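Please read the structure below before turning to the comments.
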Ligand code: SF4
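Chains as they are written, first to last, in the UniProt record's numbering: chain U, 1 to 301; chain A, 1 to 390.
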């Protein structure tokens, strides 16, 4: 038997913070690739601390639903899971290349395949592109468009910026969009001046965050000038300084994220059969039928 | 109903190694099969005779089949929980500790739990009507799918204890365990419930006809990890992490909480870990060998270490407790001092909503509070108090 644990932050204050975790876990449950699929949280229940003991499987794949390598993936999660032999060096990562480490959870004696975060997986690049497609409701979006990947910045975690730049570079290499730019909330180049960095009239802005919350639904829309007050909502696209900004919030709510979780587990040796195809088909059909429902909170007109 | 051919075949397969389950014994030896139940014993049977003999104890056979095939998972918390649900003996799968946990004490003389575990014939009778159990605020019924001609297949219903007497037609009916996540998210006032074991689960819903696996999944969405920790407690191997180890393990912004004074940990436990706030029974202490005086509560689920909510709150209290105390002078009548006490108490007990608008006899009445503020607050909206120490 094999189990999948999706480890996410969660919140004591905001019930929506765990929505993407539940959504992606449910998608993977539907594929039947794992005997057990479990959500686990730092701030909600089941806590990281207790999740492994709720599983019957001996092989457990833990995928952190986090954007970058850093404090949570390197310290908090392995410690709370009681992975005594853990050492960040086991990932041999330069900040964006963590794949997996096989360890034992001391309280239960199960084998844990501890994976790198979803945010730095190569498949995440596709999710960002799909986000652009969802935002514009155009599966071929690219020509005539600029794309910006937005991250928090380096104040708390130097790897956070690395992840943003990594995917921006990969998207730029594909020559699909006219321009691609990594922007940040707390460091240069700043998302406040988004229109200064693009010549294209149309700019898709994709925040590399797991869940919608304060940053993606309040800060970033106001900083970019999409709206005076986030509570009033904003248009998609919104006109700013002669550009059209296509913004629909956290990329982590995109359906294709479930595919990245699966890839992480598969890279670590999980037998996932054709689950990836199933998830990709599902995500594609959702993209065809209209905009992401979770974008709704910010798109009032 | 009769013992089905495939049941017989499976039994025969297992007989060589010996079947011993819930009072049913089947063995194979050189002189044929031996069949034993608490009421009867047959020896030297050939296959046909065994089949006939099994007809007279089909309850034992279908019971064995249900646990063997449908539930499986020998030694797992899931299986133990499902057995607990129908008051089946737990000890056959567990260690001696199974009968010494608080759960077994609770069940004695507890009308709901109904005391002693049931043997197969009594259980079969009871499963026709449904066997009820309570798990926190959840009421669970185990029953046969087919009550007229039970083939051993059980299903489970689940609702809020407050709805135990309600007509099912009055409840919102669900069958997907994942719906429990939504139901457990908000309380009756629409407030978010970050602590799943807060005794504020709203009523008005029912899950019906769940399989055993789906039941456990649903219960786990309502009360994560409670089944696993209950099972550990039953087996006598619940691992408890006391306050200090948990606090010392923290890093980042929670790094400071091990500095929270011991007496403040007492106040914290008294504030958070009581039955009115949490259905878990606090098993953690200040540290091993250093028990907190605060009562751990009588909650059904063991709490094996401070939860994330308590850890987060402890950070705030650590900051607050690092402040020095001062002496202040302020003018208050005796009744106003009493009123302050009533105000704090009303908020702490979440009573403010219940105080009627015109009930000016309650110190926490809104008009009384507004009057006190009008009288005693200065232009800055602060209590007129003077610090008298330097
Ligand atoms: S630490 Fe206290 S409040 Fe938190 S779950 Fe345990 S008993 Fe409940």
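Just so you know, even glycine gets a beta-carbon here, dropped at the ideal spot from N, CA and C. Since the model is a prediction, treat every value here as computed from it, not as a measurement.
heavy atom of the ligand SF4 below 7 Å from residue i C-beta
i	result
residue 240 of chain A	no
Residues that residue i bridges to, as DSSP identifies them
i	result
residue 104 of chain U	U:111
residue 144 of chain A	A:154
residue 207 of chain A	A:158, A:174
residue 10 of chain A	DSSP, once it has assigned bridges, lists no residue as partnering residue 10 of chain A.
residue 29 of chain A	A:32
residue 3 of chain U	U:36, U:60
residue 386 of chain A	A:329
residue 131 of chain A	A:142
residue 186 of chain A	A:192
residue 41 of chain A	A:36
residue 235 of chain U	BP columns for residue 235 of chain U are empty, so no partner.
residue 120 of chain A	Its beta-bridge partners do not exist; DSSP assigns none.
residue 322 of chain A	Answer is none; residue 322 of chain A lacks a bridge partner.
residue 147 of chain U	U:180, U:204
residue 398 of chain A	Outside the modelled stretch of chain A, which goes from 1 to 390, sits residue 398 of chain A, for which no answer is possible.
residue 302 of chain A	A:281
residue 246 of chain U	U:204
residue 47 of chain U	U:41
Cβ-based neighbour list, residue i, same chain, cut-off 7 Å, excluding 5 preceding and 5 following
i	result
residue 306 of chain A	243, 246, 284
residue 121 of chain U	260, 263, 264
residue 265 of chain A	243, 286, 292
residue 254 of chain A	311, 315
residue 96 of chain A	Residue placement at residue 96 of chain A cannot be trusted, given a pLDDT of 47 that sits under 50; the coordinates are not used to answer.
residue 363 of chain A	338, 339, 342, 343
residue 102 of chain A	Model confidence at residue 102 of chain A stands at a pLDDT of 49, short of 50, so the residue's coordinates are unreliable; what they give is reported in the following sentence. The answer is none, since no qualifying residue turns up.
residue 37 of chain A	23, 24, 57, 60
residue 218 of chain U	230
residue 121 of chain A	59
residue 359 of chain A	365
residue 21 of chain U	6, 8, 39, 65
residue 391 of chain A	Beyond the ends of chain A as shown, which are 1 and 390, falls residue 391 of chain A; an answer cannot be given.
Cut-off 6 Å between Cβ atoms - residues of its own chain near residue i, not counting five sequence neighbours on either side
i	result
residue 54 of chain A	3, 61
residue 8 of chain A	51
residue 61 of chain U	4, 113, 265, 268, 270
residue 40 of chain U	5, 7, 46, 48, 51
residue 83 of chain A	90
residue 329 of chain A	386, 388
Neighbourhood of residue i by C-beta distance below 8 Å, restricted to the same chain and skipping five residues each side
i	result
residue 186 of chain A	192, 193, 202
residue 119 of chain U	66, 67, 68, 163, 208, 210
residue 94 of chain A	Caution is warranted here: a pLDDT of 46 is assigned to residue 94 of chain A, below 50, making its placement in the model unreliable, and no coordinate value can be reported.
residue 78 of chain U	86, 103, 114
residue 10 of chain A	65, 68, 69
Residues, ordered as in the chain, of the region 304-334 of chain A that lie near chain U by beta-carbon distance below 9 Å: Going along the region 304-334 of chain A in chain order, one finds 304, 305, 307, 308, 309, 312 with a Cβ nearer than 9 Å to chain U.
For the ligand SF4, list every residue whose C-beta falls under 6 Å from any of its heavy atoms, going in chain order. A:197, A:272, A:273, A:278, A:280, A:282, A:303, A:306, A:307, A:309, A:310
Report the residues of the region 197-216 of chain A with a CB closer than 7 Å to any CB of chain U, ordered along the chain. Nothing from the region 197-216 of chain A brings a Cβ to less than 7 Å from some Cβ of chain U.
Residues of the region 32-46 of chain U whose Cβ lies closer than 7 Å to any Cβ of chain A, in chain order: 42, 43, 44, 45, 46
Short-range partners of chain A found in the region 85-117 of chain U, where Cβ spacing is below 8 Å: 107
Just by C-beta distance, which residues in the region 48-59 of chain U are closer than 8 Å to chain A? Correct list: 49, 50, 51, 53, 54, 56.
Beta carbons nearer than 7 Å to chain A: which residues of the region 225-257 of chain U have them? Residues of the region 225-257 of chain U whose Cβ lies closer than 7 Å to any Cβ of chain A: none.
What residues from the region 20-32 of chain U come within 7 Å of chain A, judged by C-beta to C-beta, listed N to C? Correct list: 22, 26.
Could you list the residues in the region 184-195 of chain A with a C-beta less than 8 Å from some C-beta on chain U, going in chain order? 185, 186, 192, 194, 195
Against chain A: residues of the region 166-180 of chain U by CB proximity under 9 Å: none
Please list the residues of the region 56-80 of chain U that have a C-beta atom closer than 8 Å to any C-beta atom in chain A, keeping them in chain order. 56, 71, 75, 76, 79
Please identify, using Cβ separations under 9 Å, the residues of the region 64-87 of chain A that lie next to chain U, in order along the chain. 73, 76, 77, 78
Residues in the region 195-218 of chain U having any Cβ partner in chain A nearer than 7 Å: none
If contact means a Cβ-Cβ distance below 9 Å, which residues of the region 3-21 of chain U contact chain A? Hits within the stretch, in order: 10, 11, 12, 13, 14, 15, 18.
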